[in-house]
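In this text, residue positions in the sequence shown follow my numbering: the first is 2, and each later residue adds one.
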Amino acid sequence: MPLIEEDLNSLGDSRKAAEKRLEQNVRKFGKNSTMQKLYNDFLEEYENLDLKNENSEISFNQKEDSTIKTLGMAWKSNEDQFIFKVSVKEQTVYTKRDVLSSIAKLFDPLGLLDPVIWKAKIFLQRLWLEKVNWDDPLPEEFASDWSRFVCNLKEIGKIKIGRYILNSNPERIVLLGFLDSSTHAYGAVVYLQCHAKGSTPLSKLLASKSRVAPLKTISIPRLELCPCMLLAKLVEKVLLSLKINIEEVILFSDSTIALAWINSPPHQLETFVGSRVSKIQSLTEHHQWRHISSTENPAGIISRGTDPTDLKNLNIWWTGPTIFIEETNNDFSSSEIKMDSF
């Protein structure tokens with residue numbers, strides 16, 4: 002940074018080091034208006050020297066709209082927020098090929114828009130079930146639904162997601178995970194909850210993952226094990242990525258049978274269930290599993306899907322349910338469940 006004297010060796014010589022320095026500078030400018038003014042003055046002087054690369058598109062001057070695009074998202078550095086811009090064109094006639102092409106453009110690596118994307122994927126599943134040909138115009142009952150969905154996609158551009166996930170001076174940080182499944186899809190979602198003295202705990206959406214439900218028909222309890230595994234793997238990746246001290250990890254399911262299986266010795270279970278339970282137990286050995294009602298489960302929004310117009314104000318998706326971490330006496334013992342019934 003040109004505002005202070007630094008040893009050139011301390012600046013680093015890799016892209017990773019440059020990105021880290023970029024993030025540090027953006028945070029400093031957001032908190033220190035004097036430093037921001039000094040930097041703006043430096044930029045004006047630098048630009049007057051006509052040394053700036055003609056291909057440079059990134060500006061730290063907060064007088065401008067500094068937006069950096071990457072991996073399907075855009076980062077507004079002057080507001081430190083993520084935004085999405087969807088480029089799906091409206092048409093008068095749609096085919097199944099058009100639907101698939103539009104879904105492919107909804108790239109969301111963190112899964113922040115998963116409920117909307119799954120709304121589209123569930124629609125595509127309906128086309129497959131109706132055996133609609135790739136290049137035939139959609140039947141009228143499908144065409145109107147898809148036209149309305151595409152028209153509403155522009156609402157995604159109004160969603161702004163704060164990049165910074167902590168509150169000031171957190172005393173305790175807890176990771177909360179939720180899962181759910183349906184006959185169409187299953188998903189898992191993770192939140193970070195910060196506890197600070199004298200204030201209400203603050204929860205923020207971190208990431209989600211989802212999958213298409215197996216085509217082969219299986220029982221609902223067995224299907225519930227699929228998102229359990231998905232959540233266990235997602236939490237493992239999140240913990241490896243975060244460089245903060247997580248005091249506790251608590252995972253929630255609305256399936257009492259799945260919870261009973263997870264709390265059972267795998268060798269006592271049928272092979273299909275036991276093999277999956279063994280892996281889940283290995284990944285979540287130091288975590289807690291608890292029950293949550295279906296109405297409070299934010300992961301249910303993934304498996305059902307939601308309209309773009311509704312997602313922005315869907316607080317349970319962005320912050321999770323109002324759950325305050327307390328001791329629970331829920332004991333899901335497998336002794337009361339007949340394992341061979343599923």
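We put the beta carbon where it would ideally sit given N, CA and C, even for glycine.
Within 10 angstroms of its Cβ, does residue i collect 16 or more other Cβ (buried), or is it exposed?
| i | result |
| --- | --- |
| F108 | exposed |
| E225 | buried |
| I303 | buried |
| F150 | buried |
| S103 | buried |
For the beta strand (DSSP E) containing residue i, name the first residue and the last one.
| i | result |
| --- | --- |
| L1 | As shown, the chain starts at 2 and ends at 343. That puts residue 1 outside it, with no answer to give. |
| K161 | K161 to G163 |
Tell me the residue span of the alpha helix (DSSP H) that contains residue i.
| i | result |
| --- | --- |
| A105 | K97 to A105 |
| F150 | E141 to N153 |
| I84 | I84 -> not in any alpha helix (DSSP H); beta strand (DSSP E) instead, spanning Q82 to I84. |
| W290 | Looking at the DSSP string, W290 is not in any alpha helix (DSSP H); the run it does join, the beta strand (DSSP E), is Q289 to H292. |
| I258 | T257 to I263 |
| K317 | Note on identity: in this sequence residue 317 is Ile, with Lys being the wrong assignment. Looking at the DSSP string, the run of the alpha helix (DSSP H) that includes I317 is N316 to T320. |
Looking at the structure shown, is residue i part of a helix, part of a strand, or coil, going by DSSP?
| i | result |
| --- | --- |
| T201 | coil |
| S279 | helix |
| E58 | Because the pLDDT of E58 is 41, which lies under 50, any placement of that residue in the model is unreliable, and the number read from its coordinates should be weighed accordingly. In this structure, E58 counts as coil in the three-state DSSP scheme. |
| H268 | helix |
| K234 | helix |
| P299 | coil |
| V274 | helix |
Using DSSP bridges, identify the partner residues of residue i.
| i | result |
| --- | --- |
| G178 | V191 and L252 |
| T68 | K77 |
| L206 | Y192 |
| P138 | T96 |
| A186 | V213 |
Do residue j and residue i have their beta-carbon atoms positioned less than 7 Å apart in this structure?
| i | j | result |
| --- | --- | --- |
| I160 | A233 | no |
| G163 | Q82 | yes |
| G188 | V236 | no |
| P309 | I157 | yes |
| P116 | G301 | no |
| K210 | L193 | no |
| H185 | A208 | no |
| L154 | V89 | yes |
Under the criterion of a Cβ to heavy atom distance below 6 Å, does residue i qualify as lining the ligand HEM?
| i | result |
| --- | --- |
| I219 | Of ligands this structure carries none, so the ligand HEM is not represented either. |
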